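If you read the sequence shown in the working numbering, its first letter stands for residue 536, the second for the next number, and so on.
Using N, Cα and C, we set each Cβ at its ideal position, and we do this for glycine too.
These numbers were taken from a predicted model, which means no experiment stands behind them.
Notes follow the structure.
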Amino acid sequence: MNKKVYLLTAVLALIAGLTGGSMLSGFQIPQSVQAQAVEEDQASVRKWEHCSVSTVNSVSQSGGKLTGTAIISYVNGAGYRTEKIEATVDGSLSAMNSATSNALAKAVSKLGDEGWEMVGEGTLLPESSGGQKVLYFRRSKK
């Protein structure tokens, strides 16, 4: 429950205690407050699926095209599985960031279409040692 609901409940309990409940006879908590409390209680027991997206630091080149790769790692109680997402762009090695960015964009778009929401970002290794950026996602278990 949020702070307003707790405060309202505490105030009503205080009034009831001081008046022996006589002032609160016939008083009802509004249905919107009751519904909000039920929704928040249900949300507190919600179970989540988790995954992360990272990019591969190398880009492959073939026939004037560059291919960037992003890896989606789905995590569950039994371990994890990965899915490779690739994007190919025309160009020389100067377009390397474009290939990687396109692969990342495809992976994020795929997860969004599947109902995943981004909840954070981080780095796998310290930045000083070429840390790899990671995006973290979750969605409610069905």
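Item	Value
Spatial neighbours of Asn633 in its chain, beta-carbon cut-off 6 Å, leaving aside the 5 residues before and after	Checking the sequence shown, residue 633 turns out to be Ser, not Asn. So the qualifying residues of the chain are Val624.
Segment limits, beta strand (DSSP E) that includes Ala610	A quick correction: the sequence has Val, not Ala, at residue 610. It spans 600-611 - the beta strand (DSSP E) in which Val610 sits, taken as one unbroken run.
7 Å CB neighbourhood of Asn637 in its chain, flanking five on each side removed	Gly603, Ala622, Val624
Nearest candidate by alpha-carbon position, reference Asp648, set Thr658, Thr635, Gly614, Arg673	Arg673
C-alpha gap between Gly612 and Trp651, whole angstroms	18 Å
Local Cβ density within 10 Å of Leu659, reported as buried at 16 or more and exposed below that	exposed
Three-way DSSP call (helix, strand, coil) for Val683 in this model	In the structure as shown, the chain starts at 536 and stops at 677, and residue 683 therefore has no counterpart that could be examined.
Own chain partners of Gly657 with C-beta closer than 6 Å, once the 5 adjacent residues on each side are dropped	Val669
Option nearest Ile606 by Cα separation, candidates Lys677, Arg581, Ser675, Thr635	Thr635
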